[in-house]
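Following: one structure in C-alpha cells, then a few remarks.
Residue numbers (the numbering used here): 42 to 444.
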C-alpha cells in the first residue's frame, strides 16, 4: 500500500512539472510593461528577481534618464498645449501612419476612450519574460531601448530603422513599445490581447482560424492613475495605401466608431500624392478636429467653407530629404493668420522654434462639405538651397547601452 501511495505521489509530481506556467509564474500585463520600461515591478511579481540583475538596473537607469529628459523638454509642454488648445475633443482618436507612437497619442489627446493607431510595422509580441534566458532577455531590452531612441530624442521614428529593429528577437514589434510608452506616461495596463477584423469590420480574437484578415491588431486596455477610467488602444498593422485598403475591414472597423479627432505626424508626405486618397478622404470625412504637421493632408484638400484653421509654430518648408513638398497655401496661411507659438519641437523639423502644426476644426457637417480637388495638386516643386543637417545641440544623455 505504501509503495502504491509513493508511486501515485511521484506520478503527481511528474504531471505537475509538465503543466504550463502557473498564474503565479505569469506577470501581469502592467508588471511586464513596467519591467520593459525600466520601472520596478511589484515585490511579489515573478519578474522581481530579474530586476535585481545589474543588467536590468543599467537598463532602468538609462530609461529613467531618457524619459526624464523627454518629459521636461517635450511631453510636459505638449500636455500644457493640449490643455489650452484642444478643449473640445471626442471619444475616438485616429492616428494613421503612427507606428508604435502611443506616447504622443495620449499626450495630445489624454481623454479619448478609444485610440486607433495604424502603420506597416508588425504587431509583434511580448513573450513570458521569465521564460527567456538572461542573455536573450537583456539583449531584447537593449534592442527595445534602441528602437525608441529617435522618437524620444527627435519626436519621430525613422521608417528604415523600424524595418529592422522591430522584427528582431522574441520581444518584437510595436506591442512592447506601445506598452512601455503607456506605463511611462503614468497609465496602468489591465489587458493586452491580439485581435483581427473581418471584411465587415467585426472584431475577433487573433486565434480564430475561421476569420481571414489582413489587419491584425493588438488591443490594450489601460487607465490613468488619476481617475481609473478604462481606455482602449488598438494598433493595426495594415497597408494604408489605396490598394492596401481595397481589401480587409480596417476602415469598416473605423467607420463603426463614428466621427472623432485625428492626429498626423511625420507621415512622409504620403497624402500629398494620389496613392493615399482613400485614407485622406476618410480622415477629412470622419474628423471633427484634425491636428497635424506639414507632412499630413495638404491644405488644398480641405474645403475652406467647412474648416477653421489655426496655424501653430513656424512654417519653414520641408527638410531637404522631401523635395517637391513645399506648400504655398500653407506658407500663405502662416503669413495671414497669426500662429500660436510652439515651445516644443515636433515632426521632421524637431528643433524648438522650427516646428509647425495645423489645427483644423470642422465648422460644417461632412456631407455638406466633401473633399475638394486641391488647386495646387500635385504640389509644385520648389527649388531651395540645401539646408544644413540639423545639429542636436541638447545635452547628451549618458548611454548605458552601447548604441
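Note that CB positions come from ideal geometry on N, CA and C, so glycine has one too.
From the options, residue whose alpha carbon lies closest to that of residue i
i, options, result
"residue 272", "215, 325, 78 and 262", "262"
"residue 359", "310, 375 and 344", "310"
"residue 240", "234, 166, 231 and 251", "251"
"residue 234", "255, 223, 188 and 260", "260"
"residue 371", "391, 365, 389 and 399", "399"
"residue 169", "143, 97 and 69", "69"
"residue 363", "324, 314 and 378", "314"
"residue 151", "117, 179, 178 and 180", "117"
"residue 178", "402, 368 and 95", "95"
"residue 324", "190, 401 and 144", "401"
"residue 144", "231, 97 and 274", "274"
Short CB-CB distance (under 7 Å) between residue i and chain D
i, result
"residue 355", "The structure shown contains no chain D, having only a single protein chain."
C-alpha distance - residue i paired with residue j, whole-angstrom precision
i, j, result
"residue 244", "residue 237", "6 Å"
"residue 176", "residue 102", "19 Å"
"residue 289", "residue 115", "37 Å"
"residue 297", "residue 327", "11 Å"
"residue 133", "residue 123", "16 Å"
"residue 121", "residue 128", "11 Å"
"residue 318", "residue 282", "8 Å"
"residue 148", "residue 119", "6 Å"
"residue 339", "residue 211", "40 Å"
"residue 108", "residue 336", "26 Å"
"residue 361", "residue 139", "22 Å"
"residue 153", "residue 136", "12 Å"
"residue 257", "residue 246", "10 Å"
"residue 269", "residue 223", "14 Å"
"residue 301", "residue 130", "8 Å"
"residue 78", "residue 182", "9 Å"
"residue 381", "residue 394", "11 Å"
"residue 36", "residue 76", "Not covered by the structure: residue 36. The range shown for the chain is 42 to 444."
"residue 392", "residue 166", "33 Å"
"residue 291", "residue 188", "26 Å"
"residue 404", "residue 365", "31 Å"
"residue 66", "residue 106", "30 Å"
"residue 254", "residue 406", "32 Å"
"residue 221", "residue 104", "10 Å"
"residue 232", "residue 367", "43 Å"
"residue 378", "residue 100", "46 Å"
Nonlocal neighbours in the same chain, by C-beta distance under 7 Å from residue i, ignoring five residues either side
i, result
"residue 229", "71, 263, 264 and 266"
"residue 285", "279"
"residue 204", "Any reading at residue 204 needs caution, since the residue's pLDDT is 47, under 50, leaving its predicted position unreliable; the model's value is listed next. The answer is none, since no qualifying residue turns up."
"residue 227", "265 and 266"
"residue 345", "none"
Inter-residue CB distance, residue i and residue j (contact presumed, cutoff 8 Å)
i, j, result
"residue 307", "residue 354", "The pair is not a contact, with the Cβ atoms about 15 Å apart (cut-off 8 Å)."
"residue 217", "residue 173", "So it is not a contact: roughly 13 Å between Cβ atoms."
"residue 304", "residue 146", "7 Å"
"residue 171", "residue 88", "6 Å"
"residue 356", "residue 375", "4 Å"
"residue 74", "residue 81", "The Cβ separation is near 12 Å, so there is no contact."
Same chain, Cβ closer than 6 Å to residue i, neighbours up to 5 away in sequence not counted
i, result
"residue 141", "215, 218 and 219"
"residue 312", "321 and 338"
"residue 293", "241 and 242"
"residue 90", "none"
Contacts around residue i, its chain only, beta-carbon distance under 8 Å, and the 5 residues preceding and following it disregarded
i, result
"residue 249", "237"
"residue 225", "78, 80, 104, 108 and 144"
"residue 295", "135, 157, 242, 323 and 327"
Within the chosen definition, does the stretch 338 to 349 reach the stretch 381 to 393 through at least 3 CB pairs nearer than 8 Å? no
For the stretch 330 to 341 against the stretch 158 to 171, are there 3 or more C-beta pairs whose distance is under 8 Å? The stretch 330 to 341 vs the stretch 158 to 171: no contact.
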